[in-house]
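Single-structure report; data block below.
Chains as they are written, first to last, in the working numbering: chain A, 38 to 484; chain B, 38 to 484.
The structure is reproduced here in structure tokens:
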């Protein structure tokens, strides 16, 4: 039986970061990552294999992300964890003993019990090389594609697929696509862009059946009775924690299906940790108090657990998981942090909203200049920022992180308004109207 | 005699923001901006009138930035301030009475006493429409252009001018261009890019004479004896506060030539304020404790003074003026916040440096991906971030503001490492190797 100080199960973002961070923090520890996939996809890059990146083989994380840090890599499947004996069993029959075990088993696509879901041509989007490769080749051959679920993965797929000239329809249950992350005015902007690109959007709609012919998908039937022709259906309804191994080993799982962990990733079983999508990570500013399943959350929780694995090196910040998030729709970036206005009002928070619109270069005559909007949500009494939504060009991808940082630091509108930022004609809005400053000033004026 | 509650002298960034902020904060106050320029340039956009924007008339700030906020605008020159009578005299002979006076008189280019500086073809870069228009037309006609001073304005001009196919030489006294804002390894990257574009760089060199023929510039003579042919010379050595009016009125001026102000912009004379370049604004993280002359600093000080003009509405943040700064050299962005490693060591600070290099998309196969480097400078004992330097693509223009915000909030390496940021394949580095996180982790590992 091989013995390691630290065994990590799972080789995607969280697993890689956990292993690398343990190696860097505790260089004398022997670490192994065990994963069943022969190749690891960049998870967030999956929709972009369709066109922008254009090749599934260009969307891989190299094994050196693990082995280059001095950790071992075993490609095999863990079929059982035996906590009492502090060992794991592999499909090959091998056993591996651990001192500390880190579960980074990720998530699995929700596969709703819609009649017809097993027809040929119906796909979910697992983080699996072979499935994504097959999906890409089917997208290329398809003419009518229906995407069920208008969250960011569905929207990103629709954006890429429509650029191939295919007919794409998104079916979304909520009143808007991206409706969980954004308030209606931002979601509507995204919908407008998709429609201009030729994407058909059916919101407030449910799929009741996927109808087929000769075992192959033929159309999607909606609750309203509408039938949409389809030779390919992509189900992107969401993901659920992959906690099967943990459950089998008696490691407690929470109400939402993830492994129960504390803020350092410790499960309720001694010397076993869980990080990333498989765990019920607590975020400060989400309606249910749980972090969404994002690679950025996964890596942050993995770092936090690994750094403190043998010694408390650095405690979590007060506001963990402001839930920074960004996506691109038809070349326009949409991003968010923390609570939306809708969610904050539903939770009964007393809030003030500050909003500002400007251009993302100065002067606006710089080629490629785009409209940039920042919306801030603050607590009415203290001015503390609890959420933000932004849209603009590519620079919004990092502009949102200014707000992720401000929220994490517990800044209020006054502190944010007086933060002296860098501005440049080609790169940012003008200093006279920097939109975060102006939205924060607007909150101050309402206090 | 006309009477206003608030008179603002100067109509560039600081004056505009002061007037607009007073109007928004105290809507019952009568406000006027008095400026002598008929047209106001976007100051930071001046180098880009050469090519990228391509037209001085496309680089103007509209008067509605003032009048649209309900403030009056008078185009005339204030020739005297009479504090005892609380009024100003205009060149037209008119007198304007004030309750509060805000000086936003800006800065003037340094015009060093080099022999030959008055020859035809020798320019400084004032924020003056007519001069910039003339300079642009002379650049278009010139063949050999020498830029004296390799700070950001000199570098940005050289970048734009070289794109027109002209021969450009930068002469810089310091060992490197951009040598005040960046440590040598970043400055050297910028120099390499400029050299590849054909810009000739003479560092550690002084200009001893500008030689002419028939009253026109012909060549620039260096201390080393070298003579560089030139039909146009641009002096971009720096700016000094324009405090002439203040001095004449007995408003005290500091050691560095700017009007002495407190943290709310109050001068030592009752009811007179000074904001922007004309004042000695205090920044927390600069070697001499003074803010550099940047539009972002100017607008921040203007907002701070205006908001608190009649009532303390919001006090300055603990760390004001982390001195965020960014520029673009040959399509690569360079940006900085706070102290450089060089400056921190010269000041005797006990520091730790964390550095990380990655790509600014994930996977790196996304078209247009660029190398991104983040360097963090932290106090060795506490881990507090006191400076940062960054380079990469356009997204670095906002990435630097994540650090401006972190420094302003007084974050340490641990808090920064655990800040959960938004990442996206097309917009940012991968969450597994987000460079701010990784550089902060590197500091933690060295503590």
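No residue lacks a Cβ here, since even glycine has one placed at the ideal position from N, Cα and C. Since this is a predicted model, take the numbers as computed values, not measurements.
- Is it the case that the CB of residue 452(B) approaches a heavy atom of the ligand FMN more closely than 7 Å? You won't find the ligand FMN in this model; it holds no ligand whatsoever.
- Message: Distance check for residue 474(B) and residue 453(B), CA to CA, integer angstroms please.
- Response: Indexing the second chain from 1 puts residue 453(B) at position 416. Indexing the second chain from 1 puts residue 474(B) at position 437. Spanning the two alpha carbons is a distance of roughly 7 Å.
- Interface residues of chain B around residue 435(A) at Cβ under 7 Å? Locating residue 435(A) in the first chain gives position 398, counting from the first residue. Those within 7 Å of residue 435(A) in chain B are 432, 435, 436, 439, 465.
- Message: Tell me which residues of the segment 233–257 of chain A have at least one Cβ-Cβ distance to chain B shorter than 9 Å, keeping chain order.
- Response: none
- Got a sec: is the Cβ-Cβ distance from residue 85(A) to anything in chain B below 8 Å? In the first chain, residue 85(A) corresponds to position 48, counting from 1. Chain B, which has a Cβ nearer than 8 Å to the Cβ of residue 85(A), makes this yes.
- Item | Beta-carbon neighbours of residue 361(B), restricted to chain A and to distances below 9 Å | Indexing the second chain from 1 puts residue 361(B) at position 324. Those within 9 Å of residue 361(B) in chain A are 456, 457, 458, 459, 460.
- Message: Can you tell me where the alpha helix (DSSP H) holding residue 274(B) begins and where it ends?
- Response: Residue numbering aside, residue 274(B) sits at position 237 when the second chain is read from its first letter. Segment: none, residue 274(B) is in no alpha helix (DSSP H) and carries neither H nor E.
- Neighbour-count burial assignment, residue 171(A), 16 or more Cβ in a 10 Å radius: On the first chain, position 134 is the one that residue 171(A) refers to. Result: exposed.
- Message: Looking only at its chain, what residues have a beta carbon closer than 7 Å to the beta carbon of residue 93(A), apart from the 5 residues adjacent to it on each side?
- Response: Residue mapping note: residue 93(A) aligns to position 56 of the first chain, counting from 1. The answer, listed in chain order, is 86, 166, 169, 170, 173.
- Could you check if residue 162(A) is buried or exposed, using at least 16 other CB atoms within 10 Å of its CB as the buried criterion? One-based indexing of the first chain puts residue 162(A) at position 125. Buried, by the Cβ-count rule.
- Contacts that residue 408(A) makes with chain B (C-beta to C-beta distance below 7 Å): Locating residue 408(A) in the first chain gives position 371, counting from the first residue. What residue 408(A) touches in chain B: nothing, since even the nearest Cβ is about 16 Å away.
- Item | Beta-carbon proximity list for residue 248(B), same chain, < 8 Å, skipping 5 on both sides | Position 211 of the second chain, counting from 1, holds the residue named residue 248(B). Correct list, in chain order: 153, 254, 255, 256, 257, 258, 264.
- Does residue 61(A) come within less than 8 Å of chain B when only Cβ atoms are used? Walking along the first chain from the start, residue 61(A) turns up at place 24. Closer than 8 Å to some Cβ of chain B, the Cβ of residue 61(A) qualifies, so yes.
- Message: What does the alpha-carbon distance come out to for the pair residue 218(B) and residue 182(A)?
- Response: Residue 218(B) sits at position 181 when you count from the first residue of the second chain. Residue 182(A) sits at position 145 when you count from the first residue of the first chain. Each residue's alpha carbon lies about 52 Å from the other.
- How many whole angstroms separate the CB atoms of residue 230(B) and residue 369(B), which I take to be in contact at a CB cut-off of 8 Å? For the purposes of this step, residue 230(B) is taken as the residue at position 193 of the second chain. For the purposes of this step, residue 369(B) is taken as the residue at position 332 of the second chain. About 6 Å separates the two Cβ atoms, so the contact holds.
- Message: If the cut-off is 7 Å on Cβ atoms, which residues from the segment 63–95 of chain B count as contacting chain A, listed in chain order?
- Response: 79, 81, 82, 85, 89, 90, 95
- Query: Measuring CA to CA, which of 478(B), 291(B), 276(B) is closest to residue 189(B)?
  - Reply: Here residue 189(B) is taken as the residue at index 152 of the second chain, counted from 1. That would be 276(B), whose Cα lies nearest to the Cα of residue 189(B).
- Below 6 Å CB to CB, which residues in the same chain sit around residue 267(A) once its five sequence neighbours on both sides are set aside? The residue you call residue 267(A) lines up with position 230 of the first chain. Taken in chain order, the residues that qualify are 181, 183, 254, 256, 257.
- Select from 82(B), 112(B), 50(B), 281(B) the residue whose C-alpha is nearest the C-alpha of residue 133(B). To locate residue 133(B), count along the second chain from 1; it is residue 96. Out of 82(B), 112(B), 50(B), 281(B), 112(B) has the C-alpha closest to the C-alpha of residue 133(B).
- Task: Run down chain B in chain order and give the residues with a C-beta less than 8 Å from the C-beta of residue 402(A).
- Result: Numbered from 1 along the first chain, position 365 holds the residue referred to as residue 402(A). The answer, in chain order, is 90, 92, 95, 96.
- Task: Count the other CB atoms, across all protein chains shown, that sit within 10 Å of the CB of residue 242(B); report buried if there are 16 or more and exposed otherwise.
- Result: For the purposes of this step, residue 242(B) is identified with residue 205 of the second chain, where counting begins at 1. Label assigned to residue 242(B): buried.
- Which full runs of the beta strand (DSSP E) of 3+ residues lie inside the segment 148–193 of chain A, going along the chain? 159–161, 181–185
- Got a sec: is the Cβ-Cβ distance from residue 482(B) to anything in chain A below 8 Å? Counting from 1 along the second chain, the entry for residue 482(B) is found at position 445. Cβ-Cβ to chain A under 8 Å: yes for residue 482(B).
- Message: residue 280(A) and residue 294(A) - do their beta-carbons sit closer together than 8 Å?
- Response: Reading the first chain from its first residue, position 257 is the one you call residue 294(A). Reading the first chain from its first residue, position 243 is the one you call residue 280(A). Yes; because the gap between Cβ atoms is below 8 Å, this pair is in contact.
- Item | Beta carbon proximity, residue 175(A) to chain B, threshold 8 Å | For this step, residue 175(A) is matched to residue 138 along the first chain. Output row for residue 175(A): interface = no.
- Query: Do you know how far the Cα of residue 435(B) is from the Cα of residue 437(A)?
  - Reply: Within the first chain, residue 437(A) is the residue found at index 400, counting from 1. Within the second chain, residue 435(B) is the residue found at index 398, counting from 1. Distance between the alpha carbons of residue 437(A) and residue 435(B) is about 9 Å.
- What do you get for residue 420(A), buried or exposed, if any count of 16 or more other CB atoms within 10 angstroms of its CB means buried? Position 383 of the first chain, counting from 1, holds the residue named residue 420(A). Buried: at least 16 other Cβ atoms inside 10 Å.
- Message: Please report whether the beta-carbon of residue 292(B) lies at a distance below 8 Å from any beta-carbon of chain A.
- Response: For this step, residue 292(B) is matched to residue 255 along the second chain. Not closer than 8 Å to any Cβ of chain A, the Cβ of residue 292(B) fails to qualify, so no.
- Item | Residues near residue 82(B) by beta carbon distance below 7 Å, same chain, minus five either side | For the purposes of this step, residue 82(B) is identified with residue 45 of the second chain, where counting begins at 1. For residue 82(B), where only same-chain residues beyond five positions count, the Cβ hits under 7 Å are 90, 96.
- Task: Indicate whether at least one CB of chain A lies closer than 8 Å to the CB of residue 469(B).
- Result: For the purposes of this step, residue 469(B) is identified with residue 432 of the second chain, where counting begins at 1. Closer than 8 Å to some Cβ of chain A, the Cβ of residue 469(B) qualifies, so yes.
- Counting only runs that start and end within the segment 299–365 of chain B, where is the beta strand (DSSP E) found for 3 or more residues in a row? 309–311
- Query: Mind checking residue 365(B): buried by the 16 CB within 10 Å criterion, or exposed?
  - Reply: On the second chain, position 328 is the one that residue 365(B) refers to. Residue 365(B) should be labelled buried.
- State buried or exposed for residue 84(B), treating a residue as buried only when at least 16 other CB atoms are found within 10 Å of its CB. Residue mapping note: residue 84(B) aligns to position 47 of the second chain, counting from 1. By the neighbour-count rule (16 or more Cβ atoms within 10 Å), residue 84(B) is buried.
- Within-8 Å CB hit, residue 144(B) to chain A: Walking along the second chain from the start, residue 144(B) turns up at place 107. So, not an interface residue.
- Ends of the beta strand (DSSP E) at residue 144(B)? Taking the second chain and counting its residues from 1, one reaches residue 144(B) at position 107. Here the beta strand (DSSP E) through residue 144(B) covers 144–146.
- Item | contact_flag[the segment 140–155 of chain B, the segment 308–319 of chain B] where n(CB pairs < 8 Å) is 3 or more | yes
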